[in-house]
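2 protein chains.
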Amino acid sequence: MNKIKTKNTQRTKSEAKAEAILKGAMKEFLANGYAATSMDKVAKTAGVSKATVYSYFGDKESLFNALIQNLAKDKFQTAMILPESESAEKEPKLVLQQLATKILENGMKDRTFQNFIRIIIGESGRFPELAQAYVNNLAKPAIKMLTQYFKSHPELDLPDAEAIVRVFMGTLVYYMMLQELMHGKDIIPLESDRLVNTLTDLITANKGK
Amino acid sequence: MNKIKTKNTQRTKSEAKAEAILKGAMKEFLANGYAATSMDKVAKTAGVSKATVYSYFGDKESLFNALIQNLAKDKFQTAMILPESESAEKEPKLVLQQLATKILENGMKDRTFQNFIRIIIGESGRFPELAQAYVNNLAKPAIKMLTQYFKSHPELDLPDAEAIVRVFMGTLVYYMMLQELMHGKDIIPLESDRLVNTLTDLITANKGK
DNA sequence: GTCTATACATCGATAGAC
DNA sequence: GTCTATCGATGTATAGAC
Chain L
1 MNKIKTKNTQ RTKSEAKAEA ILKGAMKEFL ANGYAATSMD KVAKTAGVSK ATVYSYFGDK
61 ESLFNALIQN LAKDKFQTAM ILPESESAEK EPKLVLQQLA TKILENGMKD RTFQNFIRII
121 IGESGRFPEL AQAYVNNLAK PAIKMLTQYF KSHPELDLPD AEAIVRVFMG TLVYYMMLQE
181 LMHGKDIIPL ESDRLVNTLT DLITANKGK
Chain D
1001 MNKIKTKNTQ RTKSEAKAEA ILKGAMKEFL ANGYAATSMD KVAKTAGVSK ATVYSYFGDK
1061 ESLFNALIQN LAKDKFQTAM ILPESESAEK EPKLVLQQLA TKILENGMKD RTFQNFIRII
1121 IGESGRFPEL AQAYVNNLAK PAIKMLTQYF KSHPELDLPD AEAIVRVFMG TLVYYMMLQE
1181 LMHGKDIIPL ESDRLVNTLT DLITANKGK
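See below:
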């Protein structure tokens, strides 16, 4: 039991240091991108020596991989918002409006998340596995969840739920991308309410046949 | 006249060399990103010495700026496809289907264009002016053109043409991004025809009131 | 004007002290 | 295990020959 305790303490210490390194790596990589981030900077920001960084993560590429996989699996999982439990009884148009508004609100203000998206896309050519980690851990669950919602509301009369989900998500992502990531807010302004209203109207219009 | 001729010849030569440098810079920057591209590599790919590159473009940042602005203004302007002139007489649903299909076809196969998008987004935090050049020269004209089309078809009964355009473009861009840029093709497959059909159906459904 | 050669800083990674 | 010190390679940028 004493042995176990000691072991746990050691592991905790190690994990604490590994976490400090990951935290420093996050700040630097998200701010400067992969190539422009030096291991010296990561070590200094993490408060350890460069040799310690290497002893924990092997090399720069492995550290970057560990960081991004970690962010995709843990940190930004919360970016996916589920329709609340009471939503089953509410009007679909209202549920979708609230969902879209929440997604936009969360995404438009979170600079860290925006930098995460920037680096994932920017490095998706050179680190395809990291882009796929994003797809698997963030995009795919969100799509599945929304698809399930649409399929559970046959009164919406949507013949292709999977495709509708892409319209829904694509509209919101493209808006965040143009207005925030690409700094288009003042060049091509558009109120988010107009977008959300138009989008949810299109989906719930019911084609009146 | 002789003087002028000489001057023109000189300028042509200079411009030819500047073009060669830009061509080399394009290959390297689009393949490796900004930070990971060295001026040595650019010079070698362009077939000139490094000093010549610096004498033409000052420093690395200026060269990158010149290149991306050039690509946004000239090379990828063609990525924007106009509805054909006869389209005024055709069914809107058919026009939109053909337009969406064309946009997807052009975007999904063009690796150079995909790398251009990758670097624009990836560097949009550190080079906001370049992201805005993309918005001004590529996104904004496309949006304006489509908005004009929707406004000229009142029978579609679209209360907010600007917002509808964002839905249209966003759906297509998000699809290209997930399937191609982020290598999600095999993880979350979806036939482009289903997407295009669903999208154009939504817009032309006419709400049957 | 265009080249070669080089200055000077910083990179990723490791050896060796403790 | 974690540090300091340092290696060789490579980066941006420029000086000087022609």
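Top to bottom, those sequences are chains L and D. Numbered by the working numbering, the letters in the first sequence go through residues 1 to 209 in order. Numbered by the working numbering, the letters in the second sequence go through residues 1001 to 1209 in order. Idealized CB from N, CA, C, for every residue including glycine. Note that the coordinates shown come from a computational prediction; the quantities given were computed from them, not determined experimentally.
| Item | Value |
| --- | --- |
| Cutoff 8 Å: D/T1052 Cβ touching any chain L Cβ | no |
| Contact between the segment 1039 to 1058 of chain D and the segment 22 to 42 of chain L (3+ Cβ pairs under 8 Å) | no |
| is_contact[L/Q77, chain D] using C-beta, thresh 8 Å | no |
| Candidates L/H183, L/P92, L/L94: closest to D/L1217 by CA position | The requested residue 1217 of chain D does not occur in the structure, where chain D is confined to residues 1001 to 1209. |
| L/G58 versus L/E19: straight-line alpha-carbon distance, rounded | 15 Å |
| Reference L/I143; option with closest CA among D/M1145, D/Q1098, D/Y1175 | D/Y1175 |
| Interface partners of L/M39 on chain D, CB under 9 Å | Correct list: empty, because the minimum Cβ distance to chain D is about 14 Å. |
| L/D201, buried or exposed, once every other Cβ within 10 Å from all chains shown has been counted against 16 | buried |
| Distance, D/L1067 Cα to D/N1106 Cα | 22 Å |
| Range of the contiguous alpha helix (DSSP H) that encloses L/R126 | Careful: L/R126 lies outside any alpha helix (DSSP H) and carries neither H nor E. |
| Own chain residues within Cβ distance below 6 Å of L/I203, not counting five before or after | none |
| Alpha-carbon spacing of D/P1141 relative to D/V1135, whole angstroms | 9 Å |
| For L/D160 and L/L178, the rounded distance between their alpha carbons | 27 Å |
| Close-in-space but distant-in-sequence residues of the same chain around L/E15 (CB under 6 Å, 5 per side omitted) | none |
| Contact check, L/L158 vs L/P92, beta carbons under 8 Å | no |
| Same chain, Cβ closer than 8 Å to D/G1047, five either side skipped, listed in chain order | A1020, G1024 |
| Helix, strand or coil at L/T37 [DSSP, three-state] | coil |
| CB contact check: L/I68 to chain D, cutoff 8 Å | no |
| Per-residue DSSP class, three states only, for D/P1154 | helix |
| L/Y56 at chain D interface by Cβ criterion, 8 Å | no |
| Whole-angstrom distance between L/F168 and D/G1033, CA atom to CA atom | 31 Å |
| Neighbour flag for L/N137 against chain D, beta carbons, 8 Å | no |
| Burial state of L/Q77 (16 or more Cβ within 10 Å) | exposed |
| Whole-number beta carbon distance between D/R1166 and L/L195, since they are thought to touch under 8 Å | 6 Å |
| Supposed close pair L/F116, L/L71 - CB separation, criterion 8 Å | 6 Å |
| Three-state secondary structure (DSSP) of D/P1092 | helix |
| Closest residue to L/L63 among L/V95, L/K27, L/D186 (Cα-Cα distance) | L/K27 |
| Beta-carbon gap between L/E123 and D/G1125 smaller than 8 Å | no |
| Straight-line gap, L/Y56 to L/T45 (C-alpha atoms, nearest Å) | 16 Å |
| Closer than 7 Å: D/E1019 CB and nearest the ligand ZN heavy atom | For the ligand ZN, the structure offers nothing, since it holds no ligand at all. |
| Rounded separation between D/Q1069 and L/L199 - CA only | 33 Å |
| The alpha helix (DSSP H) enclosing D/D1193, as first and last residue numbers | 1192 to 1204 |
| Simplified DSSP assignment, three categories, for L/P141 | helix |
| Helix, strand or coil at D/S1062 [DSSP, three-state] | helix |
| Residue from D/K1073, D/K1075, D/E1180, D/N1137 with nearest C-alpha to L/I187 | D/N1137 |
| Beta-carbon spacing of L/L172, L/A100 below 8 Å | yes |
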